[in-house]
Amino acid sequence: GVDSAPGGSGGGGDAKIVLGFAQVGAESGWRTANTKSVQDAAKDAGIDLKFSDAQQKQENQIKAIRSYIQQKVDVIAFSPVVESGWDTVLKEAKTANIPVVLTDRAVDSADDSLYVTFLGSDFVAEGKKAGDWVVKEFADASTVKIAQLEGTTGSAPAIDRAEGFADVIKADPKFTIVASQTGDFTRAGGKQVTEALLKSNPDINLIYAHNDDMGLGAIEAIEAAGKVPGQDIKLVTVDAVKDGMTALSEGKINFIVECSPLLGPQLMDVVKKVKAGESVEKRILTEETTFTPEQAKEALPSRQY
Ligand code: GZL
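Listed below in structure tokens is the structure:
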């Protein structure tokens with residue numbers, strides 16, 4: 001607990017584990033579901049959670065991590081908004097003998113002793129799954145013009161989802177990405193970028209959005225341009241949050257690659273193991289699948305987020 005020696009379990013032995021969590025922000029349906037999962041799981045695990053929202057700004061996450069170090073929390077966890085620029089503050093946590101757990105997104109630090117484990121999805125695999133669906137969906141097409149709505153610039157999901165997708169479609173020159181721009185994972189960003197790209201590329205066949213929220217914004221722009229989303233312009237997105245799955249069930253999105261935000265329970269298990277000095281694997285993958293419109297209709301009623 002906070003009042004015990006740094007990293008100590010406290011004299012009484014019944015001191016609650018204190019976890020400091022520095023969240024990215026509240027930019028998307030995925031993020032709010034992720035926050036709820038962490039908060040609910042901490043409560044269920046009897047862990048004292050200190051929580052901060054960085055409004056998608058790296059300097060705010062760094063400030064939050066520093067405050068957790070000052071408070072001598074037992075464990076620090078965070079989802080790095082971008083991959084780079086963490087070594088200094090992670091070294092401060094290491095010097096303070098406070099273990100750090102990466103959740104959801106990764107850092108590009110060369111020194112992996114700066115964190116205990118990275119718990120999250122394989123974003124390259126997510127991009128490949130989207131690419132594989134595109135290859136099948138457009139098997140009979142002679143040319144396929146693609147617009148890509150990228151996630152937050154410099155973030156692991158944006159970098160890796162673009163890489164995985166490109167790896168698949170590069171096999172056939174009929175696929176060309178005619179426009180690619182960041183919508184910062186937000187609905188508004190997806191709408192603004194799509195409005196602009198439809199003016200310069202009115203004949204695109206497909207939009208690949210790095211998350212549902214940007215895809216939902218794109219749908220608004222496509223409809224405002226008098227076109228039918230899912231038909232005139234197909235969409236493939238990543239996340240599978242409720243609003244995305246609803247659009248999928250209505251045929252406005254054609255395929256969604258799931259990225260599970262429900263990391264809370266696994267995170268609390270890791271925190272307890274770390275506190276108890278038990279070893280934890282360096283990389284813990286989350287389970288996730290893909291959805292067609294029919295599968296979305298079946299899954300929606302029981303969807304947690
Ligand atoms: C992916 C996560 C991304 C989601 C977006 O694990 O980091 O951030 O795909 C969210 O919806 O904003």
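Under mature numbering (1 follows the signal peptide of the UniProt record, and there is no 0), read the sequence shown as residues 1 to 305, first letter to last.
A virtual CB, placed ideally from N, CA and C, is assigned to each residue, including glycine.
Just so you know, these numbers come straight off a predicted model, no measurement behind them.
(1) Which residues in the same chain have their Cβ closer than 6 Å to the Cβ of Y68, if we skip the five residues on either side of it in sequence?
(2) Looking at C-beta atoms only, is the number of pairs between the segment 121–141 and the segment 92–100 that lie closer than 8 Å three or more?
(3) Between T152, P261, R105 and A218, which has its C-alpha nearest R283's C-alpha?
(4) Quick check on the burial criterion: 16 or more other C-beta atoms within 10 angstroms. Buried or exposed for G226?
(5) Helix, strand or coil: how does DSSP classify P229 here?
(6) Residues in the same chain with beta-carbon distance under 7 Å from Q23, minus the five sequence neighbours each way, listed in chain order, please.
(7) Going straight from the alpha carbon of V144 to that of K174, what length do you get?
(8) Are there any heavy atoms of the ligand GZL lying less than 6 Å away from the beta-carbon of D239, as far as the coordinates show?
(9) Is there at least one non-hydrogen atom of the ligand GZL closer than 6 Å to the beta-carbon of E294?
(10) Give the straight-line distance between the Cα atoms of V116 and T237, rounded to the nearest whole angstrom.
(11) Can you give me the Cβ contacts of E287 inside the same chain, cut-off strictly under 6 Å, excluding the 5 residues immediately before and after it?
(12) Under the DSSP definition of a beta bridge, which residues are partnered with residue 323?
(13) For G20, name the three-state secondary structure that DSSP assigns.
The answer reads as follows:
(1) G20 and I76
(2) Segments in contact, no.
(3) R105
(4) Classification for G226: exposed.
(5) Assigned with DSSP and collapsed to three states, P229 falls in strand.
(6) T35, F51, S52, D53, A54 and S79
(7) Taken atom to atom, the span from the alpha-carbon of V144 to that of K174 is near 6 Å.
(8) The answer is yes for D239.
(9) no
(10) 31 Å
(11) none
(12) Nothing in the structure corresponds to residue 323, since the chain is present only between 1 and 305.
(13) strand
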